[in-house]
Every structure is written in structure tokens, then in C-alpha cells.
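Under my numbering, the first residue of the sequence shown is numbered 3, with each subsequent residue one higher.
Glycine included, C-beta positions come from ideal geometry on N, C-alpha and C.
Have a look at the structure below, then the notes.
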Amino acid sequence: MLADIVSGTDRPLVIEPMRRKHLTHVEAIEQTSYVRGWSHRLFLSELDQVREGTRWYGVSRRGRRVIGYGGLLFTSDEAHVTNIAVALDHRRRGVGAALMHRLAHVAIDHGCEAWTLEVRATSTGAQHLYRTFGFVPAGVRQHYYENAVDAIVMWCHGIQTLEYADLLAAIDVSE
Ligand SMILES: CC(C)(COP(=O)(O)OP(=O)(O)OC[C@H]1O[C@@H](n2cnc3c(N)ncnc32)[C@H](O)[C@@H]1OP(=O)(O)O)[C@@H](O)C(=O)NCCC(=O)NCCS
């Protein structure tokens with residue numbers, strides 16, 4: 003369809019490490035995804051920490067267009083999802099799931115035993131996505147976002163196990 007060609011949805015989904023050259027697209031998605039998105043300076047700082055081995059960031063793209071991104075922070079044997087977002091016009095097409103799939107494998111390859119994240123109590127769609135990847139709610143940080151919206155803390159343990167490999171293998175990703 004012409005609409006698919008224009009939007010790039012006819013192209014294969016590629017996930018690759020985030021580079022500075024991606025930031026224009028990444029920051030545009032960030033600003034439309036969050037009330038108070040990360041600044042350019044914060045993205046640069048995070049990419050600096052990739053070089054130091056304490057972070058990993060990836061972008062998903064179709065053709066040249068970056069349509070999503072996500073990242074991890076590593077602490078001892080845990081990984082923390084710092085951010086994940088998909089361009090508005092590419093949502094509900096499996097891009098977020100493909101990013102989570104890649105993040106899971108990055109965390110496993112890094113030797114992590116568990117991964118965790120915070121999600122807005124109001125973001126039920128994102129919570130559903132995370133449950134698919136084995137995350138369960140473990141607590142609430144009250145008024146965490148904009149001093150108003152609660153964060154639900156979610157954890158997923160045992161990511162080095164065969165059971166978790168089976169769970170990942172069963173998730174259909176279009177990557
Ligand atoms: C959360 C987000 C990354 C999901 O990306 P996405 O590419 O739309 O997600 P997917 O298409 O891979 O969704 C996979 C599954 O997650 C669930 N899901 C995702 N978004 C959903 C929504 N808005 N409502 C209900 N379920 C949703 C569904 O089960 C979906 O499968 P389905 O489409 O077959 O029903 C995206 O909505 C986003 O960028 N939101 C703004 C930023 C944000 O809130 N990030 C999370 C911070 S914690």
C-alpha cells in the first residue's frame with residue numbers, strides 16, 4: 003500500500019545500538035511520548051555511559067527512519083529499563099515488543115539475573131507489554147511522575163533460566 007511505503011512500514015524492522023546521529027529522531031519521539039521528556043544533554047550523558055559499559059541503548063528503525071528506542075542501566079547483576087518509546091504512528095505494531103525482546107537478550111548476555119522498571123500507574127498498555135515479558139508488580143512509588151502520578155515498580159527474576167529462554171522464544175517479534 004502507498005501508505006505503508008510512505009510511513010516505512012513495508013521495510014524490515016532493524017534494531018541496532020543507538021548513536022549520536024540517531025538523536026534528532028529519538029528526541030522527537032521522546033518529546034511526543036512524555037510530558038517531561040529527556041533533554042539532549044541527558045541523552046548524550048547516557049550515550050557516554052554506554053562507552054563505560056554501564057548502559058545499553060538501541061534504536062529500532064524501518065529504512066532510515068528511527069521509530070523507537072529503549073535502554074538499560076546495569077547494576078551488579080540487575081538491569082533497569084531506563085526508557086522505551088515508539089513513534090506515535092508506529093505503535094501497536096510490535097515495535098515495543100521487539101525492543102523489549104532485544105533488551106532482554108542484552109541483559110542476559112550481560113550476565114544479569116533479573117531486570118526491573120518503573121511504569122506509570124496510568125500506562126496500562128505498557129504494563130500489559132511488560133507482563134508479557136514476565137514482569138510482575140513489586141511495589142508503588144507514590145507521586146513519582148510530575149509529583150502526581152504513581153509509579154508501579156515491576157521486576158522479572160530468573161532471566162538466565164531455560165524457562166525464561168522459553169518465554170522469550172514464545173514471544174512473536176517482527177524484528
Ligand atoms: C509503551 C510503548 C513503548 C509500547 O510500544 P508499541 O510498539 O505500541 O507496543 P507493541 O505494539 O509492541 O505492543 C505489544 C503488546 O503490548 C500491549 N500494549 C502495548 N501498548 C498498548 C496500549 N496502548 N493499550 C493496550 N495494550 C497495549 C498489547 O498487548 C500489545 O499487543 P497487541 O497489540 O497484539 O495487543 C508505546 O506505547 C510508547 O512509546 N508509549 C509512550 C512512552 C511510554 O509510556 N513508555 C513506557 C515507559 S514505562
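### Query
Along the chain, where does the beta strand (DSSP E) that runs through residue 55 open and close?
Residue 55 -> no beta strand (DSSP E), and no H or E assigned at all.
### Message
Three Cβ pairs or more, each shorter than 8 angstroms: is that satisfied between the segment 147-154 and the segment 110-118?
### Response
no
### Query
For residue 27, which residues of its own chain have a beta-carbon under 6 angstroms away from its beta-carbon, when the five flanking residues on both sides are left out?
68
### Task
Can you tell me which of the three DSSP states residue 151 falls into?
strand
### Message
On the CB-based measure, 16 or more other CB atoms within 10 Å of its CB, does residue 22 come out buried or exposed?
### Response
exposed
### Query
Does the beta carbon of residue 173 fall short of 7 angstroms from some heavy atom of ligand 1?
no
### Task
Can you give me the start and stop residues for the beta strand (DSSP E) that residue 81 sits inside?
80-88
### Query
Is the Cβ-Cβ distance between residue 49 and residue 83 less than 8 angstroms?
no
### Query
Beta carbon of residue 135, beta carbon of residue 157: below 8 angstroms?
no
### Query
Does ligand 1 have a heavy atom nearer than 7 angstroms to the CB of residue 26?
no
### Query
With 8 angstroms set as the bound, which would you pick, yes or no: does the beta-carbon of residue 56 sit closer than that to a beta-carbon of chain D?
Among the chains of the structure shown, chain D does not appear; only one protein chain is present.
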